[in-house]
Amino acid sequence: MIADVRGYLREARMPHILCPGCGHGIVLGALLRAVHALQVPQDRLAVVAGIGCSSRLAGYVDACTLHTTHGRALAFATGLKLARPELTVVVLTGDGDGLSIGGNHLIHAARRNVDLTCVLFNNAVYGMTGGQVAPTTQPGWLASTAPYGHREPAFDGCALVQGAGGTFVARGMAYDPLGLEEIFREALRHPGFSYVEVLTDCPVYFGRYNRLGEGPELLWSQKARFTEVGQMLVQKRFVSPDGTAPPGRVDGLQFGILHRAQRPEFTRVCWGRAARGGGE
Amino acid sequence: MAKLRLVRGNTACAYGAVSAGCRFYAGYPITPSSEVAEEMARLLPRVGGVFVQMEDEMASLAACIGASLGGLRAMTATSGPGFTLMQEHLGYAALAEIPCVVVDVMRLGPSTGFPTAPAQGDVCQARWGSHGDYPALVLSPAGVQEVFDLTARAFELADRYRTPVVVLYDEVVGHMMEPAALPPVGELEQAGTWRRPSPPVRARYLPYAYTDGTPPPLVSFGEGVRYHVTGLIHDETGFPTVDPAKVGEMLGKLNRKIPEVPAEGLEPELYATEDAEVVVAYGITARAAKAAVKQARASGLRAGLLRPRVLWPSPERVLRELASRVQAFVVAEMNCGQWGREVERLVCRTAEVVPVNQVDGTPLAPEAILQAVAEAGGRTGCGVAAGRTA
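Set out below in structure tokens:
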């Protein structure tokens, strides 16, 4: 039985701006079901977002929502979380927003281990600006700024965040919303910086340019391209609270909960010192 | 009880902020502003506040805006290159109407420039640095005590008008030491953690529904009221709108909300402006200008001084009134004439505007200003009393 999370949505703001076939709604649905399962009160939920299609989702969530500037959502969220540690703060960002213009803020939020849940929507393209290449676009793929095929390598956001000291790193896909929901639950529970990268799809600017079809075809291609992962998803092997299950690795990308660690959480460190009157 | 202490302008800035209830500082090191951060790093943990050194200036102001939405009075401090990086978020805070305080301790630019020689080259950037039309509220202290006073007042103004407030001073004011009345740390410690009170919300909270030209007080996130904040043009609900009527109305209200004198005691300082010529200067240059005016009067030249405490909005009423009776304005500043253009715009050819500019990394000396006063007096024939010349 899938929970009805319409109470978490501002239905008066509908219809939304997303294109038919876009995978972002699937991701938001999974996220809100996880929020619902953990019984996070809406007044205690803050959603902070940057700029791009995925970041526009913040406006549809009935919570304290902050739609910020391009790439900087994590910096805004750091200030908000430090001021209001009791809030559950979720950051919505895209692959261009979070890994290109906002890459610096991503590594430093991970390094500080601020208790934020960062959801990065990876559709391998800049959707809102019309289909330009992203740092996640693979070599050879077509985009409006790569009419002869992209000439740069892509990079792995999960490896980046882990390297920067992130204490919860996971990757899921819009193809598997139920598995994604479980990842989100674990991420929201994690007392530190959690990073969940989600493969989603852009039929209008990625699927069309690369002749991969519409939304359903793109989601199916996630499954087909990541067969091994699909098998893992079926077996739920990817949810491993102790982090021992081997993550799947296909096409250079790993799926599941890839890394967990415990380190002092930044908000507590700051307020602990403040409460002690500055003494070390 | 405040005690007189011999301190730097930057130290007074931190004390002014904390005494006004600032409990959040996020910043990035840059000379000549770094002492503000260092002092805040010492003070804030002792008064129940949070200090964080961010990864860059964009992140610094972003974190301040986030903390302010969470109910803490928040500040950052920087200098020219960092101030340039902050422009996007100054525009954001102006449009989203989130209170915050940005201190810019000016050094000679452009670019990395001449670190860290004094200048007043960020005056126009403080007004027009971000894209689009937005209101600016920029305070200009001329001494250490005034850095304390105006930094403290900046927080009151930021909350009242729900806007970013820039405290703009030059390297000399930031680094020079003067006696200033600062509250003892023990007194600040007793105040403890302070949050901006959120007004009670009975029905639906409309965060951008103005009353008498002013936005409603900000309700902090986490106080049981859910609403949306965005850098997109929005209507009174806070949600984006593309309706030209609403867009025009919103931007109109935004750009009209800050009055020329934003609060009592922030009128320009007028010294001996009853006749003849007026020297216009601010920041450390105003100190040199005052010395020049005194020397001028001692030698029989009828000169006075206008020193704005608020650079933006500019003191339009006072300048226009003065322009109706004086012959010349000598505008002295450590830049190529940034605020002088504003004076020219306001006096609108009813009086001569004489620029005295210096961009060599040294403060303007009284002699250069005095010379311009004497020359202007000689030209207009009215600046000189009883036929005496300097």
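Listed in order, the protein sequences are those of chains A and B.
Numbered per the numbering used here, the first sequence spans residues 782 to 1061.
Numbered per the numbering used here, the second sequence spans residues 21 to 410.
Glycine included, every Cβ here is placed at the ideal spot set by N, Cα and C.
Note that this is a predicted model, so its numbers are computed, not measured.
*When you compare only the Cα positions, how much space is there between P138 (chain B) and R369 (chain B)?*
Position 118 of the second sequence holds residue 138 (chain B). Position 349 of the second sequence holds residue 369 (chain B). Roughly 31 Å between the two C-alpha positions.
_Residue range of the beta strand (DSSP E) that includes M795 (chain A)_ = Translated into the one-based positions of the first sequence, residue 795 (chain A) becomes position 14. It is not in any beta strand (DSSP E) - M795 (chain A) carries neither H nor E in the DSSP assignment.
*Within chain B, the residues that C1051 (chain A) reaches when beta carbons sit closer than 9 Å*: Walking along the first sequence from the start, residue 1051 (chain A) turns up at place 270. By Cβ distance, chain B contributes P65, V70, F71, V72.
*To which residues does DSSP link V185 (chain B) through a beta bridge?*
The residue given as residue 185 (chain B) occupies position 165 in the second sequence. V185 (chain B) pairs with B:V121.
*With contact counted as at least three CB pairs below 8 Å, one residue from each stretch, are the stretch 284–295 of chain B and the stretch 362–382 of chain B in contact?*
Contact annotation: the stretch 284–295 of chain B does not touch the stretch 362–382 of chain B, with fewer than three C-beta pairs closer than 8 Å.
*Within-7 Å CB hit, E108 (chain B) to chain A*: Locating residue 108 (chain B) in the second sequence gives position 88, counting from the first residue. Yes, E108 (chain B) lies at the interface with chain A (some Cβ there is under 7 Å from its Cβ).
*Of all the CB atoms in chain B, is at least one closer than 7 Å to the CB of A844 (chain A)?*
The residue labelled residue 844 (chain A) in the question sits at position 63 within the first sequence. It does: the Cβ of A844 (chain A) has a partner Cβ on chain B nearer than 7 Å.
*Range of the contiguous beta strand (DSSP E) that encloses P138 (chain B)*: Your numbering for residue 138 (chain B) matches position 118 in the second sequence. That run of the beta strand (DSSP E) goes 134–138.
*What are the uninterrupted segments assigned as beta strand (DSSP E) that are 3 or more residues long and contained completely in the stretch 951–1000 of chain A, given in chain order?*
Fully enclosed beta strand (DSSP E) runs of 3 or longer: 975–980.
*DSSP on T917 (chain A), reduced to helix/strand/coil?*
Sequence index remark: in the first sequence, residue 917 (chain A) carries index 136 (1-based). T917 (chain A) sits in coil when the DSSP states are folded into three classes, being neither helix nor strand.
*Identify the contact partners of A83 (chain B) in chain A, using a Cβ-Cβ distance below 8 Å as the criterion.*
Along the second sequence, one-based indexing puts residue 83 (chain B) at 63. By Cβ distance, chain A contributes A856, F857, T859, G860, L863.
*Please list, in chain order, all residues of the same chain as R337 (chain B) whose beta carbon is under 7 Å from its beta carbon, the five residues on each side excluded.*
As a first step, residue 337 (chain B) must be located in the second sequence, where it is residue number 317. The beta carbon of R337 (chain B) sits closer than 7 Å to those of E280, all from its chain and outside the five residues before and after it, given in chain order.
*Quick one: is N904 (chain A) near chain B, going by C-beta distance under 7 Å?*
Taking the first residue of the first sequence as position 1, residue 904 (chain A) is located at position 123. So no, N904 (chain A) is outside the interface.
_Using a Cβ-Cβ cutoff of 7 Å, what residues of the stretch 801–818 of chain A are near chain B? List them in chain order._
When CB distances to chain B are screened at a threshold of 7 Å, not a single residue of the stretch 801–818 of chain A falls below it.
*Sort out for me which residues DSSP pairs T293 (chain B) with in a bridge.*
For the purposes of this step, residue 293 (chain B) is taken as the residue at position 273 of the second sequence. Per DSSP, none; premise fails for T293 (chain B).
*If you compare alpha carbons, which of A:L901, A:A940, A:L941, A:V914 is closest to P928 (chain A)?*
Your numbering for residue 928 (chain A) matches position 147 in the first sequence. Among A:L901, A:A940, A:L941, A:V914, the Cα nearest to that of P928 (chain A) is on A:V914.
_Close-in-space but distant-in-sequence residues of the same chain around R966 (chain A) (CB under 7 Å, 5 per side omitted)_ = Here residue 966 (chain A) corresponds to residue number 185 of the first sequence, with the count starting at 1. Apart from sequence neighbours up to five positions away, the residues of its chain that approach R966 (chain A) with a beta-carbon distance below 7 Å are A815, A818, L819, ordered along the chain.
_DSSP three-state label for S321 (chain B), please._
Within the second sequence, residue 321 (chain B) is the residue found at index 301, counting from 1. Here the sequence assigns Leu to residue 321 (chain B), which means Ser is not the residue at that position. Strand, per DSSP.
*asked:* Let me see if you follow: with CB-CB separation under 7 Å, is L868 (chain A) close to chain B or not?
replied: Here the question's residue 868 (chain A) lines up with position 87 in the first sequence. Yes, its Cβ sits closer than 7 Å to a Cβ of chain B.
*Express the C-alpha separation of H889 (chain A) and V72 (chain B) in angstroms, rounding to a whole number.*
For the purposes of this step, residue 72 (chain B) is taken as the residue at position 52 of the second sequence. For the purposes of this step, residue 889 (chain A) is taken as the residue at position 108 of the first sequence. Linking V72 (chain B) to H889 (chain A) through their CA atoms gives a straight-line distance of about 12 Å.
*Candidates B:R276, B:P236, B:I278: which alpha carbon is nearest G258 (chain B)'s?*
Here residue 258 (chain B) corresponds to residue number 238 of the second sequence, with the count starting at 1. Residue B:P236 holds the alpha-carbon nearest to the alpha-carbon of G258 (chain B) among B:R276, B:P236, B:I278.
*Could you check which residue in A:V808, A:P796, A:C1051, A:A854 has the C-alpha nearest to that of A955 (chain A)?*
Position 174 of the first sequence, counted from the start, is the residue given in the question as residue 955 (chain A). Looking at the Cα atoms, A:V808 is the closest of the given residues.
*Could you check if M762 (chain A) is buried or exposed, using at least 16 other CB atoms within 10 Å of its CB as the buried criterion?*
Lying outside 782 to 1061, the shown extent of chain A, residue 762 (chain A) is not represented and no answer is given.
*Write down the C-beta distance between E978 (chain A) and G1037 (chain A) rounded to the nearest angstrom, noting that I regard them as a contact closer than 8 Å.*
Counted from its first residue, the first sequence places residue 978 (chain A) at position 197. Counted from its first residue, the first sequence places residue 1037 (chain A) at position 256. That belief does not hold up - the Cβ atoms of E978 (chain A) and G1037 (chain A) are roughly 11 Å apart, past 8 Å.
*With distances taken between CB atoms, is the gap from A854 (chain A) to A830 (chain A) smaller than 7 Å?*
Looking up residue 854 (chain A) in the first sequence gives position 73. Looking up residue 830 (chain A) in the first sequence gives position 49. Note that the C-beta distance between A854 (chain A) and A830 (chain A) is below 7 Å.
*Between which two residues does the beta strand (DSSP E) carrying F71 (chain B) extend?*
Mapped onto the second sequence, residue 71 (chain B) falls at position 51. Run containing F71 (chain B): 70–73, per the beta strand (DSSP E) assignment.
_Let's test the definition: count the other Cβ atoms within 10 Å of the Cβ of Q140 (chain B) and tell me whether it reaches 16, buried, or not, exposed._
Here residue 140 (chain B) refers to the residue found at position 120 of the second sequence. With 16 or more Cβ atoms within 10 Å of its Cβ, Q140 (chain B) is classed as buried.
_Considering only the alpha carbon of each residue, which of A:A856, A:I832, A:I798, A:P822 lies closest to E77 (chain B)?_
If you number the second sequence from 1, residue 77 (chain B) lands on position 57. That would be A:A856, whose Cα lies nearest to the Cα of E77 (chain B).
*Would a check of beta-carbon distances place G788 (chain A) closer than 7 Å to chain B?*
In the first sequence, residue 788 (chain A) corresponds to position 7, counting from 1. No - not a single Cβ of chain B is within 7 Å of the one on G788 (chain A).
*asked:* Considering just the uninterrupted stretch of the alpha helix (DSSP H) at W148 (chain B), what are its terminal residues?
replied: Counting from one through the second sequence, the residue named residue 148 (chain B) turns up at place 128. In the DSSP annotation of this structure, the continuous segment of the alpha helix (DSSP H) that includes W148 (chain B) starts and ends at 143–148.
*Step through the CB atoms of chain A and report whether any lies within less than 7 Å of the CB of V249 (chain B).*
Taking the second sequence and counting its residues from 1, one reaches residue 249 (chain B) at position 229. So, interface residue.
*Is L196 (chain B) helix, strand or coil by DSSP?*
As a first step, residue 196 (chain B) must be located in the second sequence, where it is residue number 176. Reading off the sequence shown, one finds Met at residue 196 (chain B), where the question assumed Leu. Three-state DSSP puts M196 (chain B) in coil, outside helix and strand.
*Contacting residues, own chain, Cβ-Cβ under 7 Å from L202 (chain B) (five flanking each side not counted)*: Reading the second sequence from its first residue, position 182 is the one you call residue 202 (chain B). Only residues of its own chain outside the window of five on either side were considered, and among them A22, K23, R25, V27, A32, Y35, F168 have a CB closer than 7 Å to the CB of L202 (chain B), listed in chain order.
*asked:* Rounded to whole angstroms, what is the Cα-Cα separation between K310 (chain B) and G303 (chain B)?
replied: Your numbering for residue 310 (chain B) matches position 290 in the second sequence. Your numbering for residue 303 (chain B) matches position 283 in the second sequence. Each residue's alpha carbon lies about 11 Å from the other.
*Apart from the five residues just before and just after A392 (chain B), which ones in its own chain have a Cβ nearer than 6 Å to its Cβ?*
For the purposes of this step, residue 392 (chain B) is identified with residue 372 of the second sequence, where counting begins at 1. Counting only Cβ-Cβ distances below 6 Å, and skipping sequence neighbours, we find V350, V374, V376.
*In angstroms, rounded to a whole number, what distance separates the CA positions of T850 (chain A) and A113 (chain B)?*
By 1-based counting over the first sequence, the position of residue 850 (chain A) is 69. By 1-based counting over the second sequence, the position of residue 113 (chain B) is 93. Cα-Cα distance, rounded: 11 Å.
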